[in-house]
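Here the structure is laid out as structure tokens; the discussion comes afterwards.
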Amino acid sequence: MGIEYIFLALLVFAMYVITLWMSGQEGFENEGSITYEDPEQIYDDIYASIYDLIWNPSDMLKYQEVSFQDIALAEWPKASVSVLDMACGTGPHACWFQTLGVKYLGVDISESMLSKGREMCPSARFQKGDITQITLFPPKTYSHVLLLGFSVYEFSNSKILADNAYQWLQPGGWCMVHMVDPDKYDPIHNLAAPFAAFSLQKYSYDRQATSNIYFDTFKYIGTLKKDKDEDDAVYNETLAFYDKSQNNGNKYRENKHHWVMPSKERLIDIWKTSGFRFHESVDLVRCGKEYQYIVYFTK
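Here UniProt numbering is used: the first residue of the sequence shown is 1, the next is one more, and so on.
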């Protein structure tokens, strides 16, 4: 059985490499291309429609919710819980918090992402806002603060986020931040994996960093560009439209996400300098996200 599995894994990996090579042959010449680097442009209606499919697999969300409940919510009376979801995107946890009967507010810079969140969870509260601005909320407003997805890496100075979260959090409150080991985590999206619970990284000498996903109106190609031990990274996305008229006459749309990715240990230290106390780090390997974590802080 072991030999057959290894052979199958190698075959799947070979097919993956061929797919990457073929995708690399797709030229941009004479086809038209538009490039976005501003988050407010990237996170538009098109991106909001695929965001959760790409970044928020349901098994990961459920695992996170169990962790939140066990560690940060269990000893809090529901009436005293007030959750701030910073850079919430579509607010994938909003309805879960609503089901618990606690107060929830999701804040994001993208109106398209917020609109999608309202569509998915009409009873939840969402607000457009810039979380780098300390005046966005009064001090000590929230009992629990979230910063999930890869949001912590999308800002050039995460210390500002930590300072603001600390100010907005009540004494004794909890802050939960999603972090990764930048040089070890698997950047391939679940939808691009050959099958569930399979990591190409285990069968490749070089880190595999490209996801190919086929949607109804375009092909999605996402690639992490990062040098080992360097903080700066770029996550490049290309949407190759089957019908150019759906992209203002351009076949290709490029999104460039500029990330700052210090080591997990350094990032934890940055948040501690804002006053937070490190509580624990929950490994997400059990939901298929190796070298990814929910890091818990208290005030």
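Note that beta-carbon positions come from the ideal geometry of N, C-alpha and C, so glycine has one too.
message = Please state the DSSP three-state secondary structure of Cys287.
response = helix
query = Should Pro122 go down as buried or exposed, given a rule of 16 or more other Cβ atoms within 10 Å for buried?
reply = exposed
query = Thinking just about the alpha-carbon of each residue, which of Pro138, Leu147, Arg266 and Pro182 is nearest to the one in residue 302?
reply = Because the chain in this structure spans residues 1 to 299, residue 302 falls outside the shown range and cannot be described.
inquiry  = Using 9 Å as the threshold, is the C-beta distance between Trp96 and Leu61 below it?
reply    = yes
query = Identify the residues that DSSP records as bridge partners of Lys256: which are they?
reply = Asn236
ask   = Which value, in whole angstroms, describes the spacing of the CA atoms of Lys159 and Val81?
value = 25 Å
request  = For Phe297, decide whether its Cβ has a neighbour in chain B, counting only Cβ atoms nearer than 9 Å.
outcome  = Included in the structure is just one protein chain, with no chain B present.
ask   = So, Lys251 versus Arg277, is the Cβ gap smaller than 9 Å?
value = no
task = Answer yes or no: do Ile34 and Asn247 have a C-beta to C-beta separation smaller than 9 Å?
result = yes
task = Report yes if the CB atom of Lys140 is closer than 9 Å to the CB atom of Trp168, and no otherwise.
result = yes
Close beta carbons around Gly222, own chain, < 6 Å, minus the five adjacent residues each side = Ser211 and Glu237
task = Grab me the residues of Ser281's own chain with a C-beta within less than 7 Å of its C-beta, minus the 5 sequence neighbours each way, in chain order.
result = Excluding positions up to five away in sequence, the list reads Tyr293 and Val295.
query = Is Met120 helix, strand or coil by DSSP?
reply = Three-state result, Met120: helix.
query = Can you tell which of Phe297, Asp243 and Val285 has its C-alpha closest to the C-alpha of Gly275?
reply = Here the closest residue by C-alpha is Phe297.
Residues near Ser23 by beta carbon distance below 7 Å, same chain, minus five either side = With a pLDDT of 47 at Ser23, under the threshold of 50, the modelled position of this residue cannot be trusted; read the value that follows with caution. Taken in chain order, the residues that qualify are Asn212 and Ile221.
key: Supposed close pair Lys264, Val180 - CB separation, criterion 8 Å   = 7 Å
Neighbour-count burial assignment, Asp243, 16 or more Cβ in a 10 Å radius = When all chains shown are included, Asp243 counts as exposed.
inquiry  = Considering just the uninterrupted stretch of the beta strand (DSSP E) at Lys128, what are its terminal residues?
reply    = Arg125 to Lys128
message = Using only the alpha-carbon positions, how far apart do residue 363 and Tyr36 sit?
response = Within the shown structure, residues of the chain are numbered from 1 to 299, placing residue 363 beyond reach of any answer.
inquiry  = Quick check on Ile221: does DSSP put it in helix, strand or coil?
reply    = strand
task = Might you give, ordered along the chain, the residues of its own chain that have their beta carbon closer than 7 Å to the beta carbon of Lys103, omitting 5 neighbours on each side?
result = Val81, Ser82 and Val83
query = In terms of residue numbering, what span does the beta strand (DSSP E) encompassing Thr35 cover?
reply = Ser33 to Tyr36
inquiry  = So within the UniProt domain "Methyltransferase" (83 to 173), which uninterrupted beta strand (DSSP E) runs reach at least 3 residues, ignoring any that extend past its ends?
reply    = Within the UniProt domain "Methyltransferase" (83 to 173), the complete beta strand (DSSP E) runs of at least 3 residues are 103 to 108, 125 to 128 and 142 to 147.
inquiry  = If you follow the beta strand (DSSP E) that Gln246 is in, where does it begin and where does it stop?
reply    = Where Gln246 is concerned, there is no enclosing beta strand (DSSP E), because DSSP gives it neither an H nor an E.
request  = Please confirm whether Leu267 and Val152 have their CB atoms less than 9 Å apart.
outcome  = yes
inquiry  = Can you look up Ile207 in the DSSP assignment and give me helix, strand or coil?
reply    = Before going further, note that residue 207 is Arg rather than Ile in the sequence given. If DSSP states are grouped into helix, strand and coil, Arg207 belongs with coil.
Buried or exposed by the 16-neighbour rule on C-beta atoms within 10 Å, applied to Pro171 = Burial call: exposed.
Local conformation of Ile294 per DSSP, three classes = In this structure, Ile294 counts as strand in the three-state DSSP scheme.
query = Whose C-alpha, out of Ser245, Tyr142 and Leu284, is nearest the C-alpha of Ala79?
reply = Tyr142
task = Tell me whether Thr99 is buried or exposed, calling it buried when 16 or more other Cβ atoms sit within 10 Å of its Cβ.
result = exposed
query = Which of the three DSSP states, helix, strand or coil, is assigned to Trp271?
reply = helix
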